[in-house]
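To start, the structure itself, in structure tokens.
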Amino acid sequence: MAASLPSSRSKVVTTLLVAPAGLFFLFLLILPLIVVIIYSFGARAEAGGYAPAFTFDNYANLPARGQAFINTLTLAPLGTLLTVLFAYPLAYFLAVKANERLRTLLLVLVIVPFWTSQLLRYYAWIMILGSKGIPSWLAWIGMTDVRIINTPWAVLIGAVYGFLPLMVLPIYVSLEKLDKRLLEASADLGADAPRTFWQVTLPLSLPGVATGSMLVFILLMGEYILPQLLGGGKVFFIGNALVDLFLQSRNWPFGAAVSTALVAIMFVTIAVYMRFVLSRGDTRRAALV
Amino acid sequence: MTKPAAIPDISFRGVSKRYGDVVAVDKVDLDLSKGSFVSLLGPSGCGKTTCLRMMAGFEQPSAGEVFIRGDNVTGVPAYRRPVNMVFQHYALFPHLNVADNVSYGLRQRSPRPPREGIAKAVDEALSMVRLSGYGARRIWELSGGQQQRVALARALINRPAVLLLDEPLAALDRKLRHDMQIELQNLQRNVGITFLLVTHDQEEALSMSDRVCIMKDGRLVQAGTPRELYDEPVNGYVADFVGKSNFFAGTAGQASDGLIKVALVDGMKTAGRASRSTAPPRQGDAVLVSVRPERIRLAAAERDLPNQIAFRAEAKVLNRIFLGEQTEYLVAHDRLGEFMVRSPRQGNQARAFEIGDRVAIGWPPDAALVLIKD
């Protein structure tokens, strides 16, 4: 029985290691999610809240909040894409071109905004994008009637600004660990610098892009403060709709249906995206070589 | 037999490379003749890898000029040079399969060759390195030896003017290394492309190449066939680096009949010949007398030594290593120190000496080379 002793002990250890996170997820994620799904088939009580029922009315009613879904499902992917486009050159500069000291300085600068509350930083952007900010400068050079605040553009600018560090860091890491000899090999085989970038650097940094995009996309899909402040209630996300449904109209079952739909859409999008990224040249395995 | 002087595949003319105050390569002149297998041999930090990188175009010389097949390519970047390299750790592209790695060079050409042409060339290149049917494999599915062969195929498919090999066998285990040495030689004969091998392994360099260039401290010390380097080294450094040798310090004396007299320590005297690769040392020069271990004769007593012996002395056997066809002795002389001696099994020395035996040692005059140090 000597052999079973270590294995039973390792089971105890495994249990102890997994238990805190497992209990956390069970009580604060799985169970609430089940409650939400149950609620989504219920009916609104007279004074608001939840009344037991079994109906698909809430799901049939989703198009009533169609604009929130459309806004979220266009601006979240667009914001992610824009963040990639801004983050990649910066990460590339940090990993490839910058010298040691400049790199450290810039990495710190990338992270510094995280030291201040997100709320405060968005308030600052309200000033910058508002009528006394950038539009007033544009008017000064002759471009009048430019409105940025409370438009989708303001939300996109806020998204790029807010999530840039989350995108830069994973891309930086994947570029940093890229074997520089592969670039020499590519040059040796006749590829100039741009071709080497497209054929070697970019494909091998895709895992970083995928990781960053996942982080940013998931956070943007559930965003509430950003559209609230920079969209001014005109560009509203599903998150804003949920606050409205749960706290203002107190239509919990409809809110639960919207929530369930959001979770379902996220699951599907992420699954499709991951499958697409991983199928492209086995980048995940490639990153391990 | 006189042949018209062909244009060398690669030439260095007074090439130097400096990094700040450090001189990595110092005024090197070098010609790689067409279809030859040349090694750049030297200890780490001798500048051999820098030379290779200047041929590939990853580095540009601080002074001097580089020619490829007669064209001055000084300053031309790597991607426009008709040479290809096998990297030390192969540097295969992990995101591409074997076929896409091998076809990489062809796909960079403009106009790009047709798809069928590329596929055919890849098949040929893979069969050349005995990896037919491996095209769809992933790089990480291959063993070290297979990755090495993919790297060779990826370079050779481009038909380069010169194939540059940067310590390609260093990462392989001993058995595989020996197989790859033979395979590289066969490959070189079959494709007829000039190979330049950079290595710190003198055995590898001597066994594989037609010509070996020995480098030290950024300078090219001697270039020649393995036999020339072994028999006619220009100085003590080369004699020491190529094969094993016994060295005795002394001062050059008068030369007569092609023999140079040398005064050794403690008033002992000997004589030897100068190397044919360089000017003989002048009278009064500090010299090293180099005697290869297999040229030293051992006998039970001085009268048993053959007649044509320039130097004879008594010594004591310190150690004996049986090597099969040869026996290696370590013997000590009172004043000259330790000698390494290799004796063949046959002949009148069939009898083995034991540790502690008193023996007579000697060598014929042409076995001793009188060399300047370096």
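Listed in order, the protein sequences are those of chains C and E.
Adding 1 to a residue's 1-based position in the first sequence gives its number in this note's numbering.
Take the second sequence: its position 294, counting from 1, is numbered 284 in this note's numbering, and each next residue is one higher.
The beta-carbon is built from N, C-alpha and C at its ideal position, and this holds for glycine as well.
Only a predicted model underlies this, so the values are computations on that prediction, with no experimental measurement involved.
Cα-Cα separation, residue 178(C) to residue 202(C): 11 Å
Using a C-beta to C-beta distance shorter than 7 Å, which residues of chain E count as neighbours of residue 211(C)? Those within 7 Å of residue 211(C) in chain E number zero; the least Cβ separation is about 13 Å.
Beta-carbon contacts of residue 38(E) that lie in its chain and below 6 Å, excluding the five residues immediately before and after: 30, 32, 188, 205
Residue 245(E), DSSP secondary structure in three states: strand
So what's residue 282(C) in DSSP terms, helix, strand or just coil? The pLDDT assigned to residue 282(C) is 48, lower than 50, so where the model puts this residue is not dependable; a value taken from the coordinates is nonetheless given after this. In the structure shown, residue 282(C) sits in coil (DSSP, three-state: anything other than H, G, I, E or B).
Using the Cα positions of residue 143(E) and residue 197(C), report the straight-line distance between them to the nearest angstrom. 20 Å
Length of the line joining the Cα atoms of residue 267(E) and residue 224(E): 6 Å
In the DSSP output, which residue or residues are listed as bridge partners for residue 333(E)? 317(E)
Output the residue ranges of the beta strand (DSSP E) runs that lie fully inside the stretch 213 to 278 of chain E and measure 3 residues or longer, sorted by chain position. 236 to 246, 249 to 254, 259 to 264
Decide yes or no for the touch test of the stretch 101 to 109 of chain C against the stretch 123 to 133 of chain C: beta carbon pairs closer than 8 Å, at least 3 of them. no
When DSSP labels each residue in this structure, what does residue 133(C) get in the three-state scheme? coil
Is it buried or exposed for residue 12(C), if we count other Cβ within 10 angstroms and need 16 for buried? exposed
Could you tell me if residue 253(C) is buried or exposed, where buried requires 16 or more neighbouring beta carbons within 10 angstroms of its beta carbon? buried
Take residue 137(E) and list the residues in its own chain whose beta-carbon comes closer than 7 Å to its own, dropping the five residues that flank it on each side. 80, 82, 129
The alpha helix (DSSP H) that contains residue 210(C), what's its start and end? 203 to 222
For residue 2(C) and residue 16(C), what's the separation of their Cα atoms in angstroms? Residue placement at residue 2(C) is poorly supported in this model, since its pLDDT is 44, which falls under 50; the coordinates are not used for a value here.
Thinking C-beta only, is residue 81(C) closer than 8 Å to residue 217(C)? yes
Where do the ends of the alpha helix (DSSP H) carrying residue 105(C) lie? 101 to 112
Show which residues of chain C have a CB atom less than 8 Å away from the CB atom of residue 74(E). 189, 190
Leaving out the 5 sequence neighbours to the left and right, which residues in its chain are closer than 6 Å to residue 196(E) when beta-carbon positions are compared? 216
Could you pull out every residue in the same chain whose Cβ sits closer than 6 Å to the Cβ of residue 200(E), ignoring the five residues on either side in sequence? 26, 27
Just verifying my parser: in three-state terms, what is the DSSP assignment at residue 170(E)? helix
Relative to the C-alpha of residue 258(E), which candidate in 55(E), 323(E), 295(E), 246(E) has its C-alpha closest? 323(E)
Which of helix, strand or coil DSSP assigns to residue 359(E): strand
Residue 169(E), buried or exposed, once every other Cβ within 10 Å from all chains shown has been counted against 16: exposed
Exposed or buried, residue 269(C), counting other C-beta atoms within 10 Å across all chains shown (16 or more means buried)? exposed
Determine the DSSP secondary structure at residue 34(E), reduced to helix, strand or coil. coil
Of all Cβ atoms in chain C, is any one closer than 8 Å to the Cβ of residue 98(E)? yes
Coarse secondary structure for residue 48(E), derived from DSSP in three states: coil
Just to confirm, are residue 334(E) and residue 316(E) a CB contact at a threshold of 8 Å? yes
Rounded to the nearest angstrom, how far is the Cβ of residue 261(E) from that of residue 249(E), given a contact under 8 Å? 5 Å
Grouping DSSP H, G and I as helix and E and B as strand, with all else coil, what is residue 16(E)? strand
What residue does the beta strand (DSSP E) around residue 4(E) start on, and which one ends it? 0 to 9
Could you tell me whether the Cβ of residue 185(E) comes closer than 8 Å to any Cβ of chain C? no
Bridge partners of residue 353(E), per DSSP? 301(E)
Buried versus exposed, by CB contacts within 10 Å (16 or more), residue 202(E): buried
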